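Numbering (our numbering), first residue to last: 140 to 450.
Inspection log for the structure reproduced underneath, given as C-alpha coordinates.
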(Lines of atoms letter the chains of each structure in order from A and count residues from 1; the text may use other names and numbers.)
(Lines give C-alpha, C1' and ligand atoms only; values in the text may rest on other atoms or scores of the structure.)
Protein backbone atom coordinates (compact mmCIF):
# COMPACT_ATOMS: atom_id res chain seq x y z
CA UNK A 1 0.00 0.00 0.00
CA UNK A 2 1.37 3.40 -1.00
CA UNK A 3 1.95 5.82 1.86
CA UNK A 4 0.65 9.39 1.45
CA UNK A 5 3.10 12.07 2.51
CA UNK A 6 2.83 15.85 2.53
CA UNK A 7 5.71 17.93 1.13
CA UNK A 8 5.69 21.41 2.67
CA UNK A 9 8.43 23.16 0.69
CA UNK A 10 10.66 22.70 -2.37
CA UNK A 11 13.44 20.15 -1.95
CA UNK A 12 16.44 19.14 -4.04
CA UNK A 13 15.62 17.33 -7.31
CA UNK A 14 17.30 14.17 -6.02
CA UNK A 15 15.24 14.09 -2.83
CA UNK A 16 12.01 14.87 -4.64
CA UNK A 17 12.67 12.10 -7.17
CA UNK A 18 13.44 9.54 -4.45
CA UNK A 19 10.37 10.50 -2.43
CA UNK A 20 8.22 10.04 -5.55
CA UNK A 21 9.62 6.51 -5.98
CA UNK A 22 8.69 5.51 -2.44
CA UNK A 23 5.53 7.43 -1.60
CA UNK A 24 2.48 9.24 -2.92
CA UNK A 25 3.73 12.80 -2.56
CA UNK A 26 1.31 15.71 -2.16
CA UNK A 27 3.05 19.08 -2.71
CA UNK A 28 1.08 21.31 -0.36
CA UNK A 29 3.19 24.40 -1.07
CA UNK A 30 2.07 24.39 -4.71
CA UNK A 31 -1.66 23.98 -4.08
CA UNK A 32 -4.03 26.90 -4.58
CA UNK A 33 -6.75 25.40 -2.37
CA UNK A 34 -4.73 24.06 0.53
CA UNK A 35 -7.67 24.07 2.92
CA UNK A 36 -9.81 22.13 0.47
CA UNK A 37 -7.13 19.50 -0.05
CA UNK A 38 -6.59 19.06 3.67
CA UNK A 39 -10.32 18.79 4.35
CA UNK A 40 -10.63 16.04 1.76
CA UNK A 41 -7.34 14.23 2.30
CA UNK A 42 -5.90 15.21 5.66
CA UNK A 43 -6.86 11.90 7.30
CA UNK A 44 -4.77 9.95 4.76
CA UNK A 45 -1.46 11.75 5.37
CA UNK A 46 0.98 9.67 7.41
CA UNK A 47 4.20 11.68 6.97
CA UNK A 48 5.30 15.26 6.37
CA UNK A 49 8.60 16.36 4.86
CA UNK A 50 9.68 19.91 5.56
CA UNK A 51 12.66 22.22 5.99
CA UNK A 52 14.20 23.41 9.23
CA UNK A 53 13.37 27.00 8.30
CA UNK A 54 9.67 26.12 8.01
CA UNK A 55 8.96 23.24 10.37
CA UNK A 56 5.28 22.38 10.51
CA UNK A 57 2.61 24.77 11.84
CA UNK A 58 0.54 23.58 14.77
CA UNK A 59 -2.71 24.21 12.90
CA UNK A 60 -1.53 21.92 10.11
CA UNK A 61 -0.62 19.14 12.54
CA UNK A 62 -4.10 19.48 14.02
CA UNK A 63 -5.81 18.54 10.72
CA UNK A 64 -3.58 15.52 10.08
CA UNK A 65 -5.04 12.93 12.49
CA UNK A 66 -2.96 10.03 11.14
CA UNK A 67 0.37 11.85 10.97
CA UNK A 68 3.14 9.55 12.18
CA UNK A 69 6.40 11.32 11.35
CA UNK A 70 7.74 14.76 10.48
CA UNK A 71 11.02 14.43 8.57
CA UNK A 72 13.00 17.68 8.60
CA UNK A 73 15.45 18.35 5.80
CA UNK A 74 17.71 20.43 8.05
CA UNK A 75 19.12 20.55 11.53
CA UNK A 76 16.71 23.02 13.16
CA UNK A 77 13.51 21.78 14.79
CA UNK A 78 12.50 24.97 16.60
CA UNK A 79 9.43 25.38 14.38
CA UNK A 80 7.95 22.05 15.39
CA UNK A 81 5.86 21.72 18.55
CA UNK A 82 7.79 18.84 20.09
CA UNK A 83 5.54 18.62 23.13
CA UNK A 84 2.50 18.12 20.93
CA UNK A 85 4.43 15.65 18.78
CA UNK A 86 5.28 13.60 21.89
CA UNK A 87 1.70 13.77 23.13
CA UNK A 88 0.39 12.39 19.85
CA UNK A 89 3.22 9.93 19.33
CA UNK A 90 4.46 11.67 16.18
CA UNK A 91 8.10 11.00 15.41
CA UNK A 92 10.33 13.92 14.42
CA UNK A 93 13.69 13.55 12.67
CA UNK A 94 16.30 15.98 11.37
CA UNK A 95 19.63 15.88 9.52
CA UNK A 96 22.40 16.79 12.00
CA UNK A 97 26.18 16.43 11.61
CA UNK A 98 26.23 16.26 7.82
CA UNK A 99 26.02 20.06 7.50
CA UNK A 100 28.42 20.97 10.32
CA UNK A 101 31.49 21.46 8.12
CA UNK A 102 29.69 23.56 5.52
CA UNK A 103 28.14 25.90 8.08
CA UNK A 104 31.50 26.32 9.81
CA UNK A 105 33.16 26.99 6.45
CA UNK A 106 30.57 29.64 5.67
CA UNK A 107 31.15 31.33 9.02
CA UNK A 108 34.84 31.64 8.14
CA UNK A 109 33.91 32.81 4.67
CA UNK A 110 31.73 35.58 6.09
CA UNK A 111 34.48 36.61 8.49
CA UNK A 112 37.02 36.82 5.68
CA UNK A 113 34.67 38.46 3.20
CA UNK A 114 33.55 41.11 5.68
CA UNK A 115 36.93 41.80 7.24
CA UNK A 116 38.80 41.99 3.95
CA UNK A 117 35.85 43.66 2.15
CA UNK A 118 35.84 41.10 -0.65
CA UNK A 119 32.40 41.92 -2.12
CA UNK A 120 33.36 45.60 -2.27
CA UNK A 121 36.73 44.71 -3.80
CA UNK A 122 35.09 42.68 -6.55
CA UNK A 123 32.68 45.51 -7.37
CA UNK A 124 35.56 48.01 -7.26
CA UNK A 125 37.53 46.16 -9.93
CA UNK A 126 34.47 45.50 -12.14
CA UNK A 127 33.54 49.18 -12.06
CA UNK A 128 36.99 50.20 -13.29
CA UNK A 129 37.73 52.18 -10.14
CA UNK A 130 41.10 50.48 -9.63
CA UNK A 131 42.32 52.36 -12.73
CA UNK A 132 41.74 55.59 -10.84
CA UNK A 133 42.93 54.79 -7.31
CA UNK A 134 43.60 52.03 -4.80
CA UNK A 135 40.51 50.87 -2.94
CA UNK A 136 41.88 51.48 0.54
CA UNK A 137 42.52 49.34 3.59
CA UNK A 138 40.52 46.59 5.24
CA UNK A 139 40.76 44.77 8.58
CA UNK A 140 43.10 41.93 9.51
CA UNK A 141 41.37 38.64 10.24
CA UNK A 142 44.21 36.74 11.97
CA UNK A 143 44.96 37.22 15.63
CA UNK A 144 41.70 38.91 16.58
CA UNK A 145 39.38 38.12 19.47
CA UNK A 146 36.54 35.83 18.41
CA UNK A 147 33.56 35.02 20.60
CA UNK A 148 31.35 32.03 19.78
CA UNK A 149 27.84 31.81 21.19
CA UNK A 150 26.95 28.12 21.28
CA UNK A 151 29.74 25.55 21.40
CA UNK A 152 27.96 22.52 19.99
CA UNK A 153 29.00 20.68 16.84
CA UNK A 154 29.00 23.77 14.64
CA UNK A 155 30.49 26.08 17.26
CA UNK A 156 33.37 23.68 17.85
CA UNK A 157 33.96 23.30 14.10
CA UNK A 158 34.17 27.09 13.79
CA UNK A 159 36.58 27.27 16.73
CA UNK A 160 38.88 24.64 15.22
CA UNK A 161 39.03 26.58 11.97
CA UNK A 162 39.73 29.83 13.80
CA UNK A 163 42.69 28.24 15.57
CA UNK A 164 44.41 28.23 12.19
CA UNK A 165 44.10 32.02 12.16
CA UNK A 166 45.88 32.37 15.53
CA UNK A 167 42.58 33.57 16.93
CA UNK A 168 41.96 34.36 20.58
CA UNK A 169 38.79 32.35 21.13
CA UNK A 170 36.19 32.67 23.87
CA UNK A 171 32.68 31.34 24.14
CA UNK A 172 29.37 31.35 25.97
CA UNK A 173 27.12 28.30 26.20
CA UNK A 174 24.59 26.66 28.49
CA UNK A 175 27.44 25.17 30.49
CA UNK A 176 31.22 25.37 30.66
CA UNK A 177 33.06 22.95 28.40
CA UNK A 178 36.42 21.21 28.74
CA UNK A 179 38.04 23.28 26.00
CA UNK A 180 41.07 25.61 25.90
CA UNK A 181 38.92 28.70 25.36
CA UNK A 182 37.85 31.43 27.76
CA UNK A 183 34.30 31.02 29.08
CA UNK A 184 31.84 33.85 29.71
CA UNK A 185 28.63 33.18 31.61
CA UNK A 186 26.59 35.76 29.72
CA UNK A 187 26.35 36.73 26.08
CA UNK A 188 26.83 40.39 27.00
CA UNK A 189 30.11 39.54 28.72
CA UNK A 190 31.21 37.53 25.68
CA UNK A 191 30.34 40.42 23.35
CA UNK A 192 32.29 42.87 25.48
CA UNK A 193 35.39 40.70 25.20
CA UNK A 194 35.56 40.00 21.49
CA UNK A 195 36.04 41.77 18.19
CA UNK A 196 33.89 39.33 16.23
CA UNK A 197 30.80 37.71 17.77
CA UNK A 198 29.70 34.51 16.00
CA UNK A 199 26.25 33.03 16.60
CA UNK A 200 26.18 29.22 16.41
CA UNK A 201 23.53 28.32 18.99
CA UNK A 202 20.24 26.52 18.43
CA UNK A 203 17.02 28.46 18.11
CA UNK A 204 14.96 27.90 21.24
CA UNK A 205 12.56 29.91 23.36
CA UNK A 206 15.52 30.84 25.55
CA UNK A 207 17.66 32.12 22.66
CA UNK A 208 14.95 34.13 20.92
CA UNK A 209 16.22 37.74 20.54
CA UNK A 210 19.14 36.93 22.83
CA UNK A 211 21.17 39.40 20.76
CA UNK A 212 19.47 42.58 21.87
CA UNK A 213 20.47 46.24 22.22
CA UNK A 214 22.47 45.49 25.39
CA UNK A 215 24.54 42.81 23.67
CA UNK A 216 25.09 44.96 20.58
CA UNK A 217 26.22 47.89 22.71
CA UNK A 218 28.63 45.56 24.51
CA UNK A 219 30.02 44.45 21.14
CA UNK A 220 30.69 48.09 20.38
CA UNK A 221 31.52 50.32 17.40
CA UNK A 222 34.49 48.20 16.31
CA UNK A 223 32.74 44.86 16.70
CA UNK A 224 31.29 42.60 14.02
CA UNK A 225 28.30 40.24 14.33
CA UNK A 226 28.32 37.00 12.33
CA UNK A 227 25.12 34.92 12.25
CA UNK A 228 25.09 31.40 10.78
CA UNK A 229 22.61 30.05 13.36
CA UNK A 230 19.00 31.24 13.12
CA UNK A 231 17.53 34.68 12.51
CA UNK A 232 15.38 34.42 15.63
CA UNK A 233 18.47 34.76 17.84
CA UNK A 234 18.73 38.43 16.84
CA UNK A 235 16.35 41.28 17.60
CA UNK A 236 16.46 42.60 14.04
CA UNK A 237 15.00 45.99 14.94
CA UNK A 238 17.73 46.48 17.53
CA UNK A 239 20.34 45.32 15.01
CA UNK A 240 19.14 47.74 12.31
CA UNK A 241 19.24 50.60 14.81
CA UNK A 242 22.74 49.67 15.99
CA UNK A 243 24.03 49.46 12.42
CA UNK A 244 22.41 52.73 11.40
CA UNK A 245 23.83 54.51 14.44
CA UNK A 246 27.24 52.83 13.96
CA UNK A 247 27.02 51.47 17.51
CA UNK A 248 28.51 48.27 16.09
CA UNK A 249 31.06 48.05 13.32
CA UNK A 250 29.03 45.77 11.07
CA UNK A 251 27.30 42.46 10.51
CA UNK A 252 27.57 39.50 8.15
CA UNK A 253 24.30 37.58 8.12
CA UNK A 254 23.30 34.29 6.51
CA UNK A 255 19.98 33.92 8.34
CA UNK A 256 17.03 36.18 9.08
CA UNK A 257 13.96 36.11 11.27
CA UNK A 258 11.36 36.06 8.49
CA UNK A 259 13.20 34.43 5.61
CA UNK A 260 13.31 35.10 2.72
CA UNK A 261 12.17 38.56 3.75
CA UNK A 262 15.05 40.71 4.97
CA UNK A 263 14.77 44.14 6.65
CA UNK A 264 15.01 46.52 3.72
CA UNK A 265 17.03 49.01 5.75
CA UNK A 266 19.96 46.60 5.50
CA UNK A 267 20.11 46.78 1.70
CA UNK A 268 21.65 50.22 1.52
CA UNK A 269 24.17 49.80 4.34
CA UNK A 270 27.88 49.60 3.58
CA UNK A 271 28.61 47.90 6.91
CA UNK A 272 26.52 44.80 6.20
CA UNK A 273 27.18 41.58 4.24
CA UNK A 274 24.09 39.53 3.35
CA UNK A 275 23.73 35.91 2.22
CA UNK A 276 20.53 33.93 1.41
CA UNK A 277 20.88 31.15 4.03
CA UNK A 278 23.75 29.33 2.34
CA UNK A 279 24.99 27.41 5.38
CA UNK A 280 24.23 23.92 4.07
CA UNK A 281 23.95 24.88 0.41
CA UNK A 282 26.55 22.64 -1.22
CA UNK A 283 25.91 19.72 -3.53
CA UNK A 284 27.62 17.33 -1.14
CA UNK A 285 25.76 18.35 1.99
CA UNK A 286 22.35 18.59 0.37
CA UNK A 287 22.79 15.03 -0.96
CA UNK A 288 23.80 13.81 2.51
CA UNK A 289 20.80 15.58 4.03
CA UNK A 290 18.50 13.99 1.46
CA UNK A 291 19.92 10.56 2.26
CA UNK A 292 19.16 11.09 5.95
CA UNK A 293 15.59 12.24 5.27
CA UNK A 294 15.01 9.09 3.24
CA UNK A 295 16.72 6.87 5.81
CA UNK A 296 14.50 8.22 8.58
CA UNK A 297 11.32 7.74 6.55
CA UNK A 298 12.34 4.25 5.45
CA UNK A 299 13.21 3.27 9.01
CA UNK A 300 9.94 4.55 10.40
CA UNK A 301 7.77 2.69 7.92
CA UNK A 302 9.90 -0.43 8.37
CA UNK A 303 9.36 -0.23 12.12
CA UNK A 304 13.05 0.18 12.94
CA UNK A 305 15.02 2.81 14.88
CA UNK A 306 15.26 6.25 13.29
CA UNK A 307 18.89 7.14 12.44
CA UNK A 308 18.52 10.74 13.64
CA UNK A 309 15.45 11.03 15.81
CA UNK A 310 14.58 14.25 17.62
CA UNK A 311 11.58 12.66 19.35
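Glycine included, every Cβ here is placed at the ideal spot set by N, Cα and C.
This structure is a prediction, so every number in the text was calculated from the model and none was measured.
By Cβ distance below 8 Å, which residues in the same chain neighbour residue 252 in space, the five residues on each side in sequence not counted? Taken in chain order, the residues that qualify are 258, 391, 412.
May I ask which residues mark the beginning and end of the beta strand (DSSP E) holding residue 189? 184 to 190
Taking Cβ to Cβ, would you say residue 364 is nearer than 8 Å to residue 232? no
Note the first and the last residue of the continuous alpha helix (DSSP H) segment covering residue 439. 422 to 441
Backbone CA spacing between residue 308 and residue 244 [nearest angstrom]: 17 Å
In the region 143 to 216, which residue ranges form an unbroken alpha helix (DSSP H) of at least 4 residues, counting only runs that do not cross its ends? 152 to 161, 173 to 180, 197 to 201
Look up residue 255 in the DSSP assignment and give the residues it is bridged to. Residue 255 pairs with nothing; no bridge assigned.
Counting only beta-carbon separations shorter than 8 Å, does residue 140 have a partner in chain B? Among the chains of the structure shown, chain B does not appear; only one protein chain is present.
Would you report the Cα separation of residue 160 and residue 226, rounded to the nearest angstrom? 31 Å
According to DSSP, simplified to helix, strand and coil, what is residue 263? Residue 263 falls in the helix class under three-state DSSP.
Answer with buried or exposed for residue 419, where buried requires no fewer than 16 other C-beta atoms within 10 angstroms of its C-beta. buried
Cβ atoms of residue 349 and residue 330: under 8 Å apart, would you say? The answer is no: Cβ separation not under 8 Å.
Give the list of continuous alpha helix (DSSP H) stretches no shorter than 4 residues that lie fully inside the region 323 to 393. 326 to 331, 352 to 358, 375 to 383
Taking the Cβ atom as the reference point for each residue, do residue 338 and residue 298 lie within a distance shorter than 8 Å? no
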